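Protein chains: 2
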Amino acid sequence: MVNMYNRTSADINPYDVRPSNSSREPTAPVAVKFDKDAPYYDMSGDKYLIILNHHTFEKTKYFKRKPSTRNGTYNDEGRLRQVFDKLGFLTFVFRNLKYQDIIDRLTSIATTLDRTRTSCVCITILTHGDKGGKVFAADQPYQLSEVMDIFGKHVNLINKPKLFFVQACRGGNMDPGHTVNLSTQCDSELRNMPSYSTSEIPSCHYSSFEEVMMIMEQPQKTDASSFCLWSFLDSLKASVGCWKDPDDLDISDSQDKSFLTVPTHADTLVVCSTVEDFLSYRDGSGSWMIQALCNTILQNHESQNLLDMIIQMNRTVAYEKTTRFCKLKEMNKKKQMPETRFTLTKHLKF
Amino acid sequence: MVNMYNRTSADINPYDVRPSNSSREPTAPVAVKFDKDAPYYDMSGDKYLIILNHHTFEKTKYFKRKPSTRNGTYNDEGRLRQVFDKLGFLTFVFRNLKYQDIIDRLTSIATTLDRTRTSCVCITILTHGDKGGKVFAADQPYQLSEVMDIFGKHVNLINKPKLFFVQACRGGNMDPGHTVNLSTQCDSELRNMPSYSTSEIPSCHYSSFEEVMMIMEQPQKTDASSFCLWSFLDSLKASVGCWKDPDDLDISDSQDKSFLTVPTHADTLVVCSTVEDFLSYRDGSGSWMIQALCNTILQNHESQNLLDMIIQMNRTVAYEKTTRFCKLKEMNKKKQMPETRFTLTKHLKF
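Protein chains in written order, with the working numbering: chain H, 5 to 354; chain W, 5 to 354.
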């Protein structure tokens, strides 16, 4: 059975997430309000954690070789459930879903969310991944942006924070890092110089901690052979001649104060376990990033904002984590750097 | 003359940025220290702002049509210089540089920076741009990552915050946004429904505020035809059998406390004026993002961290800025959402 939802909220129908159908008491007795000028998101309403957990994969036409089993991922799942349960999130866990099931189920959840009662949705993806935003379903790779669009563009979640925590590789590169001598901090004592360039994964070695190993196809096309509209449009501009003065561009003084239009991609945060092109690390006790994130949130959520906690998580992974193998030098002493991107318009405190 | 450096520090040789050769008093009388456990970056040392300002472009083989002139960009440049001068940054301004000049000059600066005295480097790029991380030099497009790598990977800047502020388009899409009724916040009053999908730029209209308009070539290849190493490596793993137990992975307890290895991509922040695929807006008084960023920093730098100020900048651009034209409905009422990504390991206060 590949489809699971959290046993701590076992009688929630995944296709009807209204609190009235939940085993938990509703956390939002009144509607969640959006205050344009409030510095913090209103987190008093219902909060949802959706975990897409991938442990095993299938051999399909999309995978020439079956992706490796992700040992330790159930420890990530368990820790996430523990921490977000404490934060008052309702949790759904889906294990080893195929691509179409992921799209169908997430779309169904997003559609069912009660706009007036929902404060926040957090989607956690634990899987293999690759360059260019690819993450792996049980049967095929897909674009992370597909999942983000389901929630990011849904009308029920306008003005609500949409959080994505993605534990997955983003390529096969390994990073030896830079080493500094903390007592002198002199350039001459940088042990790794000049080896601060990244190295391709060696073809004859293997890490039990990899999220995915793959030799990539063609790098992205970057030539400038596009058809450009500039000159055509310049001449059009000259012929139309009805352009507002620049001073008129900002309509903040003249718009109807009862309505606010916000950009489609606002209020989103994505934490990736690693920077583009690089490996992520995981062992039997879970992944570096998810474990550090959960520990940091558990210890600091009452006093710190989400971005502050992410900086602390970054520090833990960047400073304290290093691969260690007994014989395979090429895989040894490698570093991992999580990367976060956001379009938040307010602070977030759990 | 296309190469400029800031007149406020006019006798600084751009190829020798040591404070001893500056007109300003050195701000770092003692070496900048890295304290692994400090929550904040040490900003007491020398801080540099480098502005790559692009107003006019050349007709070359890389541009089928000459990119449009970026009116208003000198207001962005002036405002940046004003704000960062107040923050104690030494500023270099390079105007309308060609690609190779950009690479040469930035490499030269990065190489010359004094590791023991430098606290922070901030690179601001004001130009046209396109999908996939492209930004435009005077003569050709190049990858933003090329500039990032010059500073991001330089040994002189290990553990120092490297900030990138990029005012440029990232594609030709326009965003009508979502509109909410602030008094009722009911779903039924969402004026834009169901128009929350993004729209391609209309081929017969033109905005004087565009950063770049371009019909893109092929979308990125996303198939999974890569050659995978999994099975080969799985069998190798079985044959080697020397893997450490997972508990041994974290070497934090056993490593030499005098040395710290940090990931190559740590301590970087990139603020892009818009999300991927979308237009950025600018008028004769400057660009929305740079002007909002400068205003926010000027008003709040004494009390707020950088990430807090970026959230505030996001709010200003997202909530208060909307395009307005007299006759061209297709270009009217469009929104812009800045996006920030970071690998910071400490808080940053200017």
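Idealized CB from N, CA, C, for every residue including glycine.
Bear in mind the structure is a predicted one, so any value in this text is a computation, not a measurement.
Exercise for the section: Ignore the nearest five residues each way along the sequence and tell me which others in W:K338's own chain have a CB closer than 8 Å to its CB. Expected result: M178, D179, P180, G181, L283, Y285, T326 and T327
Practice task
Look up W:Q171 in the DSSP assignment and give the residues it is bridged to.
Solution key: W:L130
Exercise for the section: Spatial neighbours of H:E150 within its chain, please: CB distance less than 8 Å, with the 5 preceding and 5 following residues excluded, ordered by chain position. Expected result: I107
Practice task
For chain H, find out if any of its Cβ atoms is closer than 9 Å to the Cβ of W:T116; answer yes or no.
Solution key: no
Practice task
Mind checking the stretch 259-280 of chain W against chain H and listing, in chain order, the residues whose C-beta falls within less than 8 Å of any C-beta there?
Solution key: Q259, K261, S262, F263, L264, T265, V266, P267, T268, H269, A270 and V279
Practice task
Anything in the stretch 85-99 of chain H with a Cβ closer than 9 Å to a Cβ of chain W? List those residues in chain order, please.
Solution key: none
Problem - Minimum Cβ-Cβ distance from H:E343 to chain W less than 9 Å - result: yes
Problem - Cutoff 6 Å; reference H:F169; Cβ partners in own chain excluding five residues on either side - result: T128 and V275
Problem - Integer-rounded CB distance, given that W:C173 should sit under 8 Å from W:Y52 - result: Contact flag wrong, Cβ pair sits at about 26 Å.
Problem - Cβ-Cβ distance between W:D271 and W:K350 below 9 Å - result: yes
Problem - Interfacial residues, the stretch 155-175 of chain W to chain H, with Cβ spacing under 8 Å - result: K157, V159, N160, I162 and N163
Practice task
Could you tell me the boundaries of the beta strand (DSSP E) in which H:K90 lies?
Solution key: No beta strand (DSSP E) contains H:K90, which is instead part of the alpha helix (DSSP H) from T77 to K90.
Practice task
Would you check if there are 3 or more beta carbon pairs closer than 8 Å linking the stretch 35-48 of chain W to the stretch 133-151 of chain W?
Solution key: no
Practice task
State the CB to CB distance for the pair H:V279 and H:A296, rounded to an integer number of angstroms; the pair is presumed to be in contact (CB under 8 Å).
Solution key: At roughly 16 Å, the Cβ-Cβ gap does not stay under 8 Å, so H:V279 and H:A296 are not in contact.
Problem - Beta-carbon proximity list for W:N163, same chain, < 7 Å, skipping 5 on both sides - result: F38, V266 and D271
Problem - Proximity test, Cβ basis, 9 Å: H:H182 and chain W - result: yes
Problem - Integer-rounded CB distance, given that H:N75 should sit under 8 Å from H:G440 - result: Within the shown structure, residues of chain H are numbered from 5 to 354, placing residue 440 of chain H beyond reach of any answer.
Exercise for the section: Measuring only between beta-carbons, confirm whether H:A322 sits less than 9 Å from chain W. Expected result: yes
Practice task
Output the boundary residues of the beta strand (DSSP E) element that contains W:Y323.
Solution key: Note, W:Y323: premise wrong, no beta strand (DSSP E); alpha helix (DSSP H) at L310 to E324.
Exercise for the section: State yes or no: is the beta carbon of W:L110 nearer than 9 Å to at least one beta carbon in chain H? Expected result: no
Exercise for the section: Answer yes or no: do W:E343 and H:F98 have a C-beta to C-beta separation smaller than 9 Å? Expected result: no
Exercise for the section: Kindly say whether W:Q340, judged by its beta-carbon, lies nearer than 9 Å to any beta-carbon of chain H. Expected result: yes
Practice task
Verify the CB distance criterion: does W:I127 have a CB-CB separation below 9 Å to chain H?
Solution key: no
Handout entry: Assumed close pair H:V184, W:L264 - CB separation to whole angstroms, cut-off 8 Å
Key = 6 Å
Exercise for the section: Check the C-beta distance from H:F140 over to H:F61 and give it rounded, since I have them as a contact under 8 Å. Expected result: 7 Å
Practice task
Identify which residue in H:N299, H:S277 and H:K138 has its Cα closest to the Cα of H:Q171.
Solution key: H:S277
Handout entry: Complete runs of the alpha helix (DSSP H) confined to the stretch 262-315 of chain H [at least 4 residues]
Key = 292-304
Problem - Exposure of W:E81, with buried meaning 16 or more beta-carbon neighbours within 10 Å - result: buried
Practice task
Return the first residue and the last residue of the alpha helix (DSSP H) that W:L110 is part of.
Solution key: Y103 to T116
Exercise for the section: Would you tell me roughly how many angstroms separate the C-alpha atoms of W:I55 and H:N57, rounded to the nearest one? Expected result: 44 Å
Handout entry: H:L186 and W:S262 closer than 9 Å at C-beta
Key = yes
Handout entry: Collapsed DSSP secondary structure at W:D179 in the structure displayed
Key = strand
Problem - H:K138 classed as buried or exposed, judged by whether at least 16 other C-beta atoms fall within 10 angstroms - result: buried
Handout entry: Coil, strand or helix - W:K138 by DSSP
Key = strand
Practice task
Express the C-alpha separation of H:L130 and H:G290 in angstroms, rounding to a whole number.
Solution key: 10 Å
Practice task
Starting from W:D50, trace the beta strand (DSSP E) both ways and give me its first and last residue.
Solution key: D50 to N57
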